[in-house]
Amino acid sequence: MSLVLDSSVTLAWLHADEGNESVREVQEAVRDRGAWVPSLWRLEVANSLEMGVRRGRHSAAVRDTMLAQVAQLPIRIDPETDRHAWGTTLRLAERHRLTLYDAAYLELAQRRGLALATLDRNLRQAALAEGVELVRT
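Quick note: to get our numbering, add 3 to the position in the sequence shown (first position is 1).
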């Protein structure tokens, strides 16, 4: 089964000190069966890794290696994320007091009928309230 992957889980497996066994299991599931992400996912992952360079957590070379590793995974970018931003996504953000960025992951999981992999507590609570299955992380 495919799933919706959010940036928090992606970044946790890239930074070994932030991951756990469940995060590694999600990474294996993505390798085996792929994942869907909203169109903003690449920006979120790249931004976080760039902030790590600026804060001295890792080098630009390490950032680039991490991005290259993630690019090899069977992750599909949803082409419809922006079409739902001012409608369903906004309503989800409003109802659950989420950022629009987090609500985009929830909207995608709802629309595609997929489980959501996230470490974000507020997003997890919103997903449960909306009846969206969560991947154990």
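We put the CB at the ideal spot given by N, CA and C, even for glycine. All figures in this text were calculated on a predicted structure; none of them were measured in a lab.
Taking the C-beta atoms as reference points, residue 76 is found no nearer than 8 Å to residue 48. Closest in alpha carbon position to residue 42, among 116, 129, 132 and 107, is 107.
Unbroken alpha helix (DSSP H) stretches of 4 residues or longer found wholly inside the segment 28-116: 44-57, 63-74, 93-99 and 103-115, given in chain order. Within its own chain, the residues whose Cβ lies closer than 8 Å to the Cβ of residue 45, once the five positions on either side in sequence are excluded, are 80, listed in chain order.
Taking C-beta atoms under 8 Å as the contact rule, residue 38 and residue 78 qualify, at a distance of about 5 Å. By the 16-neighbour rule on beta-carbons within 10 angstroms, residue 102 is exposed. Counted as a single uninterrupted DSSP element, the beta strand (DSSP E) harbouring residue 7 occupies residues 6-8.
Cβ-Cβ distances below 7 Å link residue 12 to 26, 29, 120, 121, 122 and 140 in the same chain, with the five nearest sequence neighbours on each side left out; the list follows chain order.
For the 8 Å CB-CB criterion, residue 109 and residue 84 do not form a contact. In the structure shown, the three-state DSSP call for residue 119 is strand. Cα atoms of residue 138 and residue 62: separation of roughly 31 Å, rounded to the nearest angstrom. In this structure, the alpha-carbon of residue 97 lies about 11 Å from that of residue 90.
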